[in-house]
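Using our numbering, you'd call the opening residue of the sequence shown number 46 and step up by one each time.
Glycine included, C-beta positions come from ideal geometry on N, C-alpha and C.
Note that the structure is predicted; figures quoted are calculated from it, not measured.
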Amino acid sequence: MVLSDKQLRDWREWGWPIVETVNLSVRLPRGPPDEGPWNEVSILDRSSLQKIHQGQNHVTFNCTDFQPHGRRTCPRVEHITTPAYTPYSAPGFALGRPVFVNYATLSDLSVFQNASDLCSGKVVALVRHGRTSYGNKLRHIVEFCEMMADGTLPGGMVGYKDPTESAPPDGSVYPEGIGIPGDGIAFRSASMSKDGGDVETPGLPSIDGVYKIENLWEKALTPIPVQPISFDDAKIIMNSMAGKPVPEEWKPCSPKFLGPEGDSLIQLKVRNRVDKEPSTLVNVVGAMPGRGPEAHQYVTLGNHRDAWVQGASDPHSGTAVLQGVAYLLGLAYQQGWRPRRTIVIASWDAEEVGLVGSTEFTELYREELVSRAVVYLNQDCPVKGNATFVPRADEFLEAALLASAKAARGPCDAGVSLLDFWRKHRKEVEEEAVTLPVGGSTDHVPFQYKLGIPSTYPEFRPV
């Protein structure tokens, strides 16, 4: 059963008085054709141009259930192999010397005093996954190169997940631990559009009757080819690099040198596509009307449903939370309880390719949400581990979050409040627990930054 159908049925059975689906019509960015050829990252000897390593261009996973977006079933198949790619990357070819740019923030890029070390078609940028989206990383590179090198860009970009920030304290990786193994590839969208949502309907919902501007895809695709790689492949690149040492403020990180000096070249071939015809995306939305003077105000809880592979943590740790909340509130509603404010729950589609479901929802119900929504609670991947609790939230929600944490029981430690767990396991040096900025790159973005609705995205992390 497709998960949207299951949630629609579950929420109704659990007693939610209003449960509907909202269908959207959107052309989606795709990777290379299933039948091939797939994208390629090769490492060449700089002198002879002979291939010395062929990078991994796929992920393989145990198939345990129906995969609706891949249109695959697996009753007789143990493993599924699917191509690795970066949505919104333009197709193309690049051949160049590797240059490490850390997270590619503007501060990171400022270390390249000789702009030609980075801003050259004979360079391929090696970027670290995290801190901001691939789209933002590329925008920073474009801005830097326009300012320093007349707009000449690197030939391409490859991104990897650094184990210095993704492995738990004991360093164990799957299957012995929860850290990402060396052959793991972190998928991430690289849309150059700042708006999110359907590229062809900026500011408007992608529903029947809304005019689409097809040529806007040109602005959404990256100016250079982009591809994710595994850390195992990134290590081979790093070990061949030379040049200036990485700045101290970038550590801990795996690369030791910035480049472009070294013994190797990266050859990049990207064969991504954009759908010619739109797909039907489905948001599932439930509402529980409030009772009392604040019933017109909305408290909204959302989680996206789509996943790059099987989504154990991202997004389905959040799906488990959403389903649990839906069940308990539905049970209470059937027993006569009514909330003071109206509660809205939502399961978003197509978050991973540009926050499409949540963005289109906020565009469709913009006026109603601006006037009535008081908070958005995001549940993307709230459980990544249990070493630290990271309470990301709008500053207007800090007092409420602290009070709630004091009232809630902490994980694993009976008799200890979540606030005490938070204080014990926090990374910050402050004596008191504090919230962190809510950040971006997930479904609270259209609520928090477009509509001004205070949002929170608390999560448990492995480090």
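| Query | Result |
| --- | --- |
| With 16 as the cutoff for other CB atoms within 10 Å, does A395 come out buried or exposed? | buried |
| Roughly how many angstroms separate the alpha carbons of A129 and N431, rounded to a whole number? | 29 Å |
| To the nearest angstrom, how far is it from the Cα of Y256 to the Cα of Y410? | 18 Å |
| Please state if the CB of P250 and the CB of L313 are separated by a distance shorter than 8 Å. | no |
| Hey, could you find the ends of the beta strand (DSSP E) N181 is sitting in? | Looking at the DSSP string, N181 is not in any beta strand (DSSP E); the run it does join, the alpha helix (DSSP H), is 179-193. |
| Counting only runs of 3+ residues fully inside the stretch 421-470, write out the beta strand (DSSP E) ranges in chain order. | 433-438 |
| Considering D351, what are the terminal residues of the beta strand (DSSP E) in which it resides? | From DSSP, D351 is part of no beta strand (DSSP E); its letter is neither H nor E. |
| Beta-carbon within less than 8 Å of V370's beta-carbon, same chain only, minus the 5 sequence neighbours each way: which residues are those? | L346, I390 |
| Between R417, D207, G375, Q95, which has its C-alpha nearest G227's C-alpha? | D207 |
| Taking 8 Å as the threshold, find out whether the stretch 63-81 comes into contact with the stretch 308-326 through three or more Cβ pairs. | yes |
| In angstroms with no decimal places, state the Cα-to-Cα distance between D294 and T150. | Residue identity check: residue 294 is Glu in the sequence provided, not Asp. Cα to Cα, the separation comes out at about 13 Å. |
| When the Cα of L392 is compared with those of G497, V327, V461, which residue comes out closest? | Residue identity differs from the one stated: residue 392 is Ser in this sequence, not Leu. It is V327 whose Cα lies nearest to the Cα of S392. |
| Out of E412, L442, W467, Q101, state which residue places its alpha-carbon closest to the alpha-carbon of V483. | L442 |
| Note down, in chain order, each residue of its chain lying with its Cβ closer than 7 Å to the Cβ of N102, except the 5 sequence neighbours on either side. | W83, N84, E85, V86, P128, A129 |
| Taking the continuous beta strand (DSSP E) assigned at N328, which residues delimit it? | 324-333 |
| Let's see if you can read the secondary structure: which residues bound the alpha helix (DSSP H) around V203? | No alpha helix (DSSP H) holds V203; the beta strand (DSSP E) holding it covers 201-205. |
| Does L59 come out as helix, strand or coil in the three-state DSSP assignment? | Here residue 59 is Trp; the residue named in the question, Leu, does not match the sequence. Coil at W59, not helix or strand. |
| In this structure, how does DSSP classify L32 when only helix, strand and coil are distinguished? | Missing from the structure shown is residue 32; the chain here goes from 46 to 508 and no further. |
| Inspect the CB distances between the stretch 86-99 and the stretch 276-288 and report whether three or more fall short of 8 Å. | yes |
| Using alpha carbons as the reference points, say which of D439, E259, A231 lies closest to V244. | E259 |
| Compute the Euclidean distance between the alpha carbons of S449 and V428, then round it to the nearest angstrom. | 18 Å |
| Could you check which residue in L171, V187, G381, P132 has the C-alpha nearest to that of P300? | L171 |
| By Cβ distance below 7 Å, which residues in the same chain neighbour V218 in space, the five residues on each side in sequence not counted? | A212, G224, I225, P226 |
| Taking a contact to mean a Cβ-Cβ separation below 8 Å, would you say H185 touches L140 in this structure? | no |
| Does the distance from the C-beta atom of V291 to that of F145 stay below 8 Å? | yes |
| Whose C-beta lies closer than 8 Å to the C-beta of D215 among residues of the same chain, with five residues either side of it excluded? | G222 |
| Check the DSSP bridge columns for E71 and list the partner residues they point to. | Looking at the sequence provided, one finds Val at residue 71 rather than Glu. Answer by DSSP bridge pairing, in chain order: S324. |
| Which first and last residues belong to the alpha helix (DSSP H) in which D308 is found? | It is not in any alpha helix (DSSP H) - D308 carries neither H nor E in the DSSP assignment. |
| Provide the residue span of the alpha helix (DSSP H) that contains Y133, from first to last. | Note, Y133: premise wrong, no alpha helix (DSSP H); not H, not E. |
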